[in-house]
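Just so you know, the protein sequences line up as chains A and B, in that order.
Under this note's numbering, the first residue of the first sequence is numbered 686, with each subsequent residue one higher.
Under this note's numbering, the first residue of the second sequence is numbered 54, with each subsequent residue one higher.
From the three backbone atoms N, C-alpha and C, an ideal C-beta is built for every residue, glycine too.
None of the values given here were measured: they were computed from a predicted structure.
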Amino acid sequence: MPLVKGGHIIADEFVRVTDDAELPAQGAILVSETRFLAGSDTLVSRAGGKLGVIWPNNRDIDDLVPYLDRLALVALVFPSFRDGRAYTQARLLRERHGFRGELRATGQVLRDQFVFMLRAGFDAFDVKKQADAEAFSETVKRYSVFYQPAGDGRISALHQRLQQRHAESAGL
Amino acid sequence: MYAYDEIDRTLVNERVAEFRDQVKRRLSGELSEDEFKMLRLQNGVYLQLHAYMYRIAIPYGTLASNQLRRLAHVARRYDRGYGHFTTRQNIQFNWIKLAELPDAMADLAEVGIQSMQTSGNNMRNVTSDQWAGVAPGEVEDPRIWAELLRQFTTLHPEFSFLPRKFKIAITASEHDRAAIKIHDIGLRLLKNEQGETGFEVLVGGGLGRSPFIAKTIKPFVHGHDILSYVEAILRVYNQYGRRDNIYKARIKILVHELGIEKFAAEVEEEWQQIREGVLKLDQDIIEDIRSRFFYPAYEALPAMPDELKQAAHDATFEAWRKNSVFPHKAQGYAIVVVSLKPVGKPPGDATADQMDALADIADKYSFGEIRVGHEQNLALPHVKKRDLPAVWKALEAIGLAIPNVNLVSDIIACPGLDYCSLANARSIPIAQEITRRFANHDTANLIGRLHINISGCINACGHHHVGHIGILGVEKNNEEFYQITIGGRADEGAVLGTLIGPAVPYAEVADVVEDIVEAYLALRAHPEELFVDTVTRLGVEPFRERVYATR
Chain A
686 MPLVKGGHII
696 ADEFVRVTDD
706 AELPAQGAIL
716 VSETRFLAGS
726 DTLVSRAGGK
736 LGVIWPNNRD
746 IDDLVPYLDR
756 LALVALVFPS
766 FRDGRAYTQA
776 RLLRERHGFR
786 GELRATGQVL
796 RDQFVFMLRA
806 GFDAFDVKKQ
816 ADAEAFSETV
826 KRYSVFYQPA
836 GDGRISALHQ
846 RLQQRHAESA
856 GL
Chain B
54 MYAYDEIDRT
64 LVNERVAEFR
74 DQVKRRLSGE
84 LSEDEFKMLR
94 LQNGVYLQLH
104 AYMYRIAIPY
114 GTLASNQLRR
124 LAHVARRYDR
134 GYGHFTTRQN
144 IQFNWIKLAE
154 LPDAMADLAE
164 VGIQSMQTSG
174 NNMRNVTSDQ
184 WAGVAPGEVE
194 DPRIWAELLR
204 QFTTLHPEFS
214 FLPRKFKIAI
224 TASEHDRAAI
234 KIHDIGLRLL
244 KNEQGETGFE
254 VLVGGGLGRS
264 PFIAKTIKPF
274 VHGHDILSYV
284 EAILRVYNQY
294 GRRDNIYKAR
304 IKILVHELGI
314 EKFAAEVEEE
324 WQQIREGVLK
334 LDQDIIEDIR
344 SRFFYPAYEA
354 LPAMPDELKQ
364 AAHDATFEAW
374 RKNSVFPHKA
384 QGYAIVVVSL
394 KPVGKPPGDA
404 TADQMDALAD
414 IADKYSFGEI
424 RVGHEQNLAL
434 PHVKKRDLPA
444 VWKALEAIGL
454 AIPNVNLVSD
464 IIACPGLDYC
474 SLANARSIPI
484 AQEITRRFAN
494 HDTANLIGRL
504 HINISGCINA
514 CGHHHVGHIG
524 ILGVEKNNEE
534 FYQITIGGRA
544 DEGAVLGTLI
554 GPAVPYAEVA
564 DVVEDIVEAY
574 LALRAHPEEL
584 FVDTVTRLGV
594 EPFRERVYAT
604 R
């Protein structure tokens, strides 16, 4: 699956290490939450490279919070494109817990969810289809106005109107 | 009336462009039906038994005459010349072609109406009292808040893929015409002791397979905090609502399984984290939205104009006036309810010609405004009393001066097996037959207020649980049978109806309704005691006896 980050298809620097495989000495690794929670001390003190964890959408994000400053990547999961739990997890990680590492959407990641995902705080996308990955930059330009504020900093329509109104009255 | 500005128009146009692209990708095979299904649902497009059905939102039931004309245009140009008003302030077209949908959507966008989130597992059209802003004694116009919520819920980045659909309704009157207690969130607008606007928040109401009346989660949430409080509820639901079973996925099940106290505590904990954040509503923002609603300049008019006194000599006019005309907050004005329940016709349908004519009547007599209610009727919200005779004539000319509002033939019904792929049984022909049985206006008047609700399956789109008489279609050995409940109500005293006995076959439903009504006429304490009050007083037993004695 192509990985999109910063608007471009890029090579994934993280290597997925399965639960029973040996840890590579060097390089960025991505492990499951089971492996992470079983051996978090070893994993976070590993000197060979960055650490990422795949966090399931049915496990409380609070369990991950104590480790956030030592994680370079959190991959959240969309087992189906209809299952929207990871949107809440993403917003909590970004807006409440101040996670600044890579927040990656994985699973059923399709073109028509890109805008929602960006607004929820995702900045990397394991896109299911090549064509969708290639259309990323075009797709995220679909919307130029947003009704509600979220943690992405885009101004909401309610505030945009007030700003316009103030600008107009200042110009008079 | 809320006037769209450039921001609203831009968003809707961007939505149309997005949907056009999605339809193109579906038609080219780039999107599978499974992938496309969710996208079309989020734009109000269902696949029914015979064709695609297109559902369009009429937020808080307020419609301008140019918008109604555009709906008539869509009915003519893309459908079969009629539309169907639903129980949630939407209109549906039943015969639309997929390839033409983006054009229909673009035509509607030009007049500021759209179909975002009228289906799918997201936050649906926010509904309100169809008399909002004109009803006497209202705390304040609930549509300001409905509009704030509409904007908040539209294309929400976190809550567009919920466990299941999510419906919010708002009322600001003592008498609840928005049925807030059967919604996922019900908001009752009120003032606190300091005179500040806020809401009693109810949660977990809903009908369907497991009906629940909503419970109060918080007796007062300040207006400034309403968006953050709603977000907190949604956030708890999005994380913990069940996704393993579609029939247990609504918030009512989560509230029921956790208990209201535990659920309220979860919401409170979440809310405390966000209530001082970006969702806090400044007074400036509220006033900005309020300023974009149109309010007519009412004239000082007599409460009883001569025109009305003269017209009172006409018995047909009087029958209509007594039934269809309701008090208005401004002296000399009235609210006129336009029944869409003619004898022998499907409830809630209007033809394109009727829509156009009604738009003209609204322009001439009601400041260009029309309202849509959950009872599947329309209303003209600002009619001068002196114009009532003229309005009556104009309505009569288009077959819409039907004096049966709130009477036994004012039936709420879902589309049923005639259209819907979920249905087990037909609803519309049952409604048609009942209206024929009670076609005599004097008989209907004698019976008085009586709400019949019909659903063609357990999903309960016809709200049968809260009908004074509720009729639910079920399937038994490939035959249509109907369960009958009595004593339900959807208003501020909302309660679920009680089953009176075994289901009856299709052919007997109208007979059973007649039996129930006859029993009521014999049992009522006095002519003013409404059907539902007699049921409350006596219980279902005497009705059961009457219906099943000979069956």
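Relative to the C-alpha of B/I109, which residue among B/L151, B/G82, B/R141 is closest?
Here residue 109 of chain B is taken as the residue at index 56 of the second sequence, counted from 1. Ranked by how close their Cα comes to the Cα of B/I109, the residues B/L151, B/G82, B/R141 have B/R141 in first place.
Cβ neighbours of A/V689 in the same chain (closer than 6 angstroms, five flanking residues each side left out)
Start at 1 with the first residue of the first sequence, and residue 689 of chain A comes out as number 4. Correct list, in chain order: F810, V812, A818, F821.
Under 8 angstroms, Cβ to Cβ, is there at least one residue of chain B near A/R648?
What the structure shows of chain A is the stretch from 686 to 857, and residue 648 of chain A is not part of that stretch, so it cannot be assessed.
Are the segment 170 to 189 of chain B and the segment 310 to 319 of chain B touching, with three or more C-beta to C-beta distances below 8 angstroms?
The segment 170 to 189 of chain B is not in contact with the segment 310 to 319 of chain B.
Identified DSSP bridge partners for A/L811:
As a working note, residue 811 of chain A is residue 126 in the first sequence. Looking at the sequence provided, one finds Asp at residue 811 of chain A rather than Leu. Answer by DSSP bridge pairing, in chain order: A/L688.
Determine which residues of the segment 834 to 849 of chain A have a Cβ less than 7 angstroms from any Cβ of chain B, and write them out in chain order.
When C-beta distances to chain B are compared with 7 angstroms, the residues of the segment 834 to 849 of chain A below that value are P834, A835, A842, L843, Q845, R846, L847, in chain order.
Can you pull the chain A residues whose beta carbon is under 7 angstroms from the beta carbon of B/N291, in chain order?
Translated into positions along the second sequence, residue 291 of chain B becomes position 238. Ordered by position in chain A, the residues that pass the 7 angstroms Cβ test against B/N291 are G769, R770, T773.
Under 8 angstroms between beta-carbons, which chain B residues line up against A/A816? List them in chain order, please.
One-based indexing of the first sequence puts residue 816 of chain A at position 131. Residues of chain B whose Cβ lies closer than 8 angstroms to the Cβ of A/A816 are, in chain order, E83.
Could you tell me whether the Cβ atoms of B/V164 and B/N96 are closer together than 8 angstroms?
The residue labelled residue 164 of chain B in the question sits at position 111 within the second sequence. The residue labelled residue 96 of chain B in the question sits at position 43 within the second sequence. The answer is no: Cβ separation not under 8 angstroms.
The segment 780 to 805 of chain A: which residues have C-beta closer than 7 angstroms to a C-beta of chain B, in chain order?
From the segment 780 to 805 of chain A, only R781, L795, D797, F801, R804, A805 have a Cβ closer than 7 angstroms to chain B.
Which word fits B/F55, buried or exposed, when buried means at least 16 other C-beta atoms lie within 10 angstroms of its C-beta?
The residue labelled residue 55 of chain B in the question sits at position 2 within the second sequence. Rather than Phe, the amino acid found at residue 55 of chain B in this sequence is Tyr. In the assembly as shown, B/Y55 is a buried residue. Its beta-carbon has 16 or more other beta-carbons within 10 Å.
If the cut-off is 9 angstroms on Cβ atoms, which residues from the segment 193 to 214 of chain B count as contacting chain A, listed in chain order?
Result list: L201, R203, Q204, F205, T206, T207, L208, H209, P210, E211, F212, S213, F214.
Measuring straight from C-alpha to C-alpha, what distance separates B/A476 and B/H137?
On the second sequence, position 423 is the one that residue 476 of chain B refers to. On the second sequence, position 84 is the one that residue 137 of chain B refers to. Cα to Cα, the separation comes out at about 17 angstroms.
Run the CB neighbour count on B/E533, radius 10 Å, all protein chains shown included, and call it buried at 16 or more, exposed below.
As a position in the second sequence, residue 533 of chain B is number 480, starting the count at 1. Under the 10 Å beta carbon count, B/E533 is surrounded by 16 or more other beta carbons and is classified as buried.
In this structure, does DSSP put B/I279 in helix, strand or coil?
Reading the second sequence from its first residue, position 226 is the one you call residue 279 of chain B. Three-state result, B/I279: helix.
Can you give me the C-alpha to C-alpha distance between A/L843 and A/L749, rounded to a whole angstrom?
For the purposes of this step, residue 843 of chain A is taken as the residue at position 158 of the first sequence. For the purposes of this step, residue 749 of chain A is taken as the residue at position 64 of the first sequence. Going by the C-alpha atoms only, they are around 34 angstroms apart.
Residues in the segment 75 to 106 of chain B having any Cβ partner in chain A nearer than 8 angstroms:
Per Cβ criterion, the list reads Q75, E83, E88, M91, L92.
To the nearest angstrom, how far is it from the Cα of A/G792 to the Cα of B/L151?
The residue you call residue 792 of chain A lines up with position 107 of the first sequence. The residue you call residue 151 of chain B lines up with position 98 of the second sequence. A straight-line Cα-Cα distance of about 29 angstroms links A/G792 and B/L151.
Does the structure place the segment 433 to 443 of chain B close enough to the segment 388 to 399 of chain B that three or more beta carbon pairs sit under 8 angstroms?
Here the segment 388 to 399 of chain B makes contact with the segment 433 to 443 of chain B; the two share three or more CB pairs at distances below 8 angstroms.
Keeping to the same chain, check which residues put their C-beta closer than 7 angstroms to that of B/G469; ignore five residues upstream and five downstream.
What you label residue 469 of chain B is simply residue 416 of the second sequence in a count that begins at 1. Non-local C-beta neighbours of B/G469 in its own chain, meaning closer than 7 angstroms and more than five positions away in sequence, comprise A476, A478, R479, S480, I481, G509, G526, ordered along the chain.
Contact criterion: CB-CB distance below 8 angstroms. Does B/L161 meet it with respect to chain A?
As a position in the second sequence, residue 161 of chain B is number 108, starting the count at 1. False, the Cβ-Cβ gap to chain A never drops below 8 angstroms.
Reduced DSSP category for B/K220 - H, G, I as helix; E, B as strand; rest coil
Stepping through the second sequence from its first residue, residue 220 of chain B is reached at position 167. In the structure shown, B/K220 sits in coil (DSSP, three-state: anything other than H, G, I, E or B).
How would you call B/S85, buried or exposed, if buried means at least 16 neighbouring beta carbons within 10 angstroms?
Reading the second sequence from its first residue, position 32 is the one you call residue 85 of chain B. Looking at its Cβ environment, which holds fewer than 16 other Cβ atoms inside 10 Å, B/S85 is exposed.
Are three or more beta carbon pairs between the segment 224 to 235 of chain B and the segment 272 to 289 of chain B nearer than 8 angstroms?
A contact is defined here as three or more CB-CB pairs under 8 angstroms, and the segment 224 to 235 of chain B fails this definition with respect to the segment 272 to 289 of chain B.
Chain B residues whose Cβ lies nearer than 9 angstroms to that of A/F766:
As a working note, residue 766 of chain A is residue 81 in the first sequence. For A/F766, the C-beta contacts it makes with chain B under 9 angstroms involve E88, M91, F214, in order along the chain.
Tell whether a beta-carbon distance below 8 angstroms holds between B/Y282 and B/I304.
Against the second sequence, residue 282 of chain B aligns to sequence position 229. Against the second sequence, residue 304 of chain B aligns to sequence position 251. For the 8 angstroms CB-CB criterion, B/Y282 and B/I304 do not form a contact.
Length of the line joining the Cα atoms of B/Q363 and B/A454:
Numbered from its first residue, the second sequence carries residue 363 of chain B at position 310. Numbered from its first residue, the second sequence carries residue 454 of chain B at position 401. So the alpha carbons of these two residues sit roughly 19 angstroms apart.
Tell me where the alpha helix (DSSP H) around A/S725 begins and ends.
Residue 725 of chain A sits at position 40 when you count from the first residue of the first sequence. Unbroken alpha helix (DSSP H) run through A/S725: 725 to 729.
CB contact check: A/S854 to chain B, cutoff 8 angstroms
Numbered from 1 along the first sequence, position 169 holds the residue referred to as residue 854 of chain A. Chain B, which has no Cβ nearer than 8 angstroms to the Cβ of A/S854, makes this no.
Uninterrupted alpha helix (DSSP H) stretches inside the segment 230 to 309 of chain B (no shorter than 4 residues)
Runs of the alpha helix (DSSP H) inside the segment 230 to 309 of chain B: 279 to 293.
If we define contact as Cβ-Cβ less than 8 angstroms, is B/T63 a contact residue for chain A?
Position 10 of the second sequence holds residue 63 of chain B. With its beta carbon less than 8 angstroms from one in chain A, B/T63 belongs to the interface.
Does A/V830 have its Cβ less than 8 angstroms from a Cβ in chain B?
Here residue 830 of chain A refers to the residue found at position 145 when the first sequence is read from its first residue. Interface residue (Cβ-Cβ distance to chain B less than 8 angstroms): A/V830 is classified as such.
Chain B within 8 angstroms of A/R827, Cβ atoms only
Translated into the one-based positions of the first sequence, residue 827 of chain A becomes position 142. At a cut-off of 8 angstroms, the C-beta of A/R827 has a neighbouring C-beta in chain B.
Chain A contact residues for B/E67, given Cβ-Cβ distances below 8 angstroms:
Numbered from 1 along the second sequence, position 14 holds the residue referred to as residue 67 of chain B. Ordered by position in chain A, the residues that pass the 8 angstroms Cβ test against B/E67 are R827, Y828, S829, V830.
Under 8 angstroms: do the segment 292 to 301 of chain B and the segment 537 to 556 of chain B share three or more Cβ pairs, one atom per stretch?
Taking one beta carbon from each stretch, the segment 292 to 301 of chain B and the segment 537 to 556 of chain B have fewer than 3 pairs nearer than 8 angstroms; the two do not touch.
Please report the straight-line C-alpha distance between B/P27 and B/A365, rounded to a whole angstrom.
Nothing about residue 27 of chain B can be read from this structure; chain B reaches only from 54 to 604.
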